[in-house]
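**Q** In the working numbering, the protein residues as written are 129 to 269. Have a look at this one.
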Amino acid sequence: MNCEKVRSLLSAYLDRELDYHELRQVELHLLDCESCQEECRSLRATKDLLGMLDTPELPREFWPELKERINSHSRPGFSSGLLVKVLVPAAALLALAILPLTLVTRTGASKGMTQAKTDLVEPYIREYVISELDRPFSDKT
129 MNCEKVRSLL SAYLDRELDY HELRQVELHL LDCESCQEEC RSLRATKDLL
179 GMLDTPELPR EFWPELKERI NSHSRPGFSS GLLVKVLVPA AALLALAILP
229 LTLVTRTGAS KGMTQAKTDL VEPYIREYVI SELDRPFSDK T
């Protein structure tokens, strides 16, 4: 392991956060490298000094004010992600579920109504088919 890699791991080494393999590599390097030993001693002294500092006391109102500030930030509105991601697909699925039911209900309602509709449409279909007989077939549809 080289000096650059060891120095990047020294803080984790001092905090006992390295796995066994990395720990062994750092320790082996420190045995032979005076420069990294000095860096390790310096970092340990800095951590010790920082550990002696008192933790500042937060004002009593800090947490309630923080909570209020978080809650006061604008939240995504109804029309943003919820509408597009959830409600539109749900409405589409509902429409697709209802459409077959209405068709089944209407077709089962009365055969006379269905026949009347067929009688109204049939002349237009016949006229269209006859007008298209003179045209050649095409792959373009």
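Quick reminder that beta carbons are idealized off the backbone N, C-alpha and C, glycines included. Quick caveat: nothing in here was measured; it's all calculated off a predicted structure.
Considering only residues of the segment 151-186, which uninterrupted beta strand (DSSP E) runs meet the minimum length of 3 residues and lie entirely inside it, listed in chain order?
**A** You should have found no qualifying run.
**Q** Just tell me which of Tyr141, Leu138 and His157 has its CA closest to the CA of Met129.
**A** Minimum Cα distance to Met129 is reached at His157.
**Q** Our contact map puts Leu142 next to Leu171 with C-beta atoms below 8 Å; I'd like the distance itself, whole angstroms only.
**A** Sure, about 6 Å apart at Cβ, within 8 Å.
**Q** Who are the Cβ neighbours of Cys161 in its own chain at under 8 Å, not counting the five residues just before and after it?
**A** Excluding positions up to five away in sequence, the list reads Cys131 and Val134.
**Q** Taking Glu166 as the reference, give the member of Met180, Leu138, Leu248 and Leu221 with the closest Cα.
**A** Considering only alpha carbons, the answer is Leu138.
**Q** Hey, could you find the ends of the alpha helix (DSSP H) Glu189 is sitting in?
**A** Per DSSP, Glu189 belongs to no alpha helix (DSSP H) and is neither H nor E.
**Q** Less than 9 Å separating the beta-carbons of Ala140 and Glu150?
**A** The answer is yes: Cβ separation under 9 Å.
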